[in-house]
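One gets my numbering by counting positions in the sequence shown from 1 and adding 7 to each.
Even for Gly, the Cβ is constructed at its ideal location relative to N, Cα and C.
Structure record follows, encoded as structure tokens.
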Amino acid sequence: MVEFAKFEKISVKNHSELNERWVQDRIADDPSVLGFGDVVLKDKERIQPRAGRLDLLLQDADSNRRYEVEIQLGATDESHIIRTIEYWDIERKRYPQYDHVAVIVAEDITSRFLNVISLFNGMIPIVAIQMNALRLDGKVGLVFTTVLDQMTLGLVDDDEEVQETTDRAYWESRGSKKTVQMADKILEIAQRFDSALELKYNKFYIGLAKQGIPSNFLVFRPKKNFMRFEPRLKRSPELEERLEQAGLDLMDYDSRWGRYRIRLQASDLDKHEELFTELIELASKNGSSE
Numbered sequence: 008m009v010e011f012a013k014f015e016k017i018s019v020k021n022h023s024e025l026n027e028r029w030v031q032d033r034i035a036d037d038p039s040v041l042g043f044g045d046v047v048l049k050d051k052e053r054i055q056p057r058a059g060r061l062d063l064l065l066q067d068a069d070s071n072r073r074y075e076v077e078i079q080l081g082a083t084d085e086s087h088i089i090r091t092i093e094y095w096d097i098e099r100k101r102y103p104q105y106d107h108v109a110v111i112v113a114e115d116i117t118s119r120f121l122n123v124i125s126l127f128n129g130m131i132p133i134v135a136i137q138m139n140a141l142r143l144d145g146k147v148g149l150v151f152t153t154v155l156d157q158m159t160l161g162l163v164d165d166d167e168e169v170q171e172t173t174d175r176a177y178w179e180s181r182g183s184k185k186t187v188q189m190a191d192k193i194l195e196i197a198q199r200f201d202s203a204l205e206l207k208y209n210k211f212y213i214g215l216a217k218q219g220i221p222s223n224f225l226v227f228r229p230k231k232n233f234m235r236f237e238p239r240l241k242r243s244p245e246l247e248e249r250l251e252q253a254g255l256d257l258m259d260y261d262s263r264w265g266r267y268r269i270r271l272q273a274s275d276l277d278k279h280e281e282l283f284t285e286l287i288e289l290a291s292k293n294g295s296s297e
């Protein structure tokens, strides 16, 4: 029988040792606790021009969505709402290429302020998350519950903003050695058309570079058990039919950036090397500069 454990709810605001920075660090260590899926910490205590500091800036690992996160101990209040919206507005104006979402995290989101926040939802994408601190045997955990989710609103390409570079070890940890090696194999094919190409390890994807300059007609996003391959190509029903007939997992077409998104297994590259060679050659001709 599973043993029942009784957790004690505590207030971080009134705790003698815990504080807002402690909460911020816990989220920064593992941003997925907020329930947004596979998100990555982009920045912490981000300076806002003439407006203080944004607690956390998160980015979805597989899209151009960013989350401007503000943390409030105790109950949310007017200043917290205004500050969250202000930081969201600054970031969206500075980086209009991204899909921005304002996120309020508080220990107590009262019904009054929930009503106020809901008035903006749809016009301003806001997510309200209630945080509960629970203690057991001297240890404290945090539980985050979304009490108001955003209503979808109606991005510059990843490469049009200077990307934070990483290294191969980062991607082997984030994905796996096997899936990163898939990028190596595709690079070998690309080098048949341009021997100067090399992999460039960015925080949100692996791209290509030529003499240090991005040339991302191909983008790779290694996962644990597969790799998402994104060649830049004009949309073609004939090409889509060929990919499907080959048994490849064609996820979708990103019309904004002109990329197919294909889920690859290592065996796909061996089975369909001729097709991939053709795709890569087409992508390289379609436009490699960014």
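In the DSSP assignment, LEU257 falls within the unbroken beta strand (DSSP E) covering 256-261.
Under the 10 Å beta carbon count, ASN21 is surrounded by fewer than 16 other beta carbons and is classified as exposed. In the same chain as THR91, and ignoring 5 residues on each side of it, the C-beta atoms closer than 8 Å to its own belong to GLU75, GLU77, ALA109, VAL110, ILE111 and ILE133, in chain order. Within 10 angstroms of the beta-carbon of MET234 lie 16 or more other beta-carbons, which makes it buried.
In this structure ALA35 touches LEU63 by the C-beta definition: roughly 6 Å separates them, less than 8 Å. Using a Cβ distance threshold of 7 Å, ILE269 and LEU282 do not count as a contacting pair. Bounds of any alpha helix (DSSP H) do not take in GLN79; it lies within the beta strand (DSSP E) bounded by 72-82. If you draw a straight line from the Cα of GLN218 to the Cα of SER202, it comes to about 11 Å. By the Cβ criterion, the stretch 219-232 is in contact with the stretch 181-197, since at least three pairs of Cβ atoms, one from each stretch, lie closer than 8 Å. Rounded to the nearest angstrom, the gap between the Cα atoms of ARG57 and TYR105 is 22 Å.
Annotated three-state conformation of VAL19 is coil, per DSSP.
Here THR284 carries a helix assignment [DSSP, helix/strand/coil]. VAL47 is bridged by DSSP to GLN66. Annotated as proximal: GLN137 and THR152, with beta-carbon spacing under 7 Å.
Considering only GLY254, GLU205 and ALA135, the residue with the shortest C-alpha distance to LEU41 is ALA135. Taking PHE236 as reference, the option from GLY214, GLY254 and GLU10 with the minimal CA-CA separation is GLY214.
Secondary structure of THR173 (DSSP, three-state): coil.
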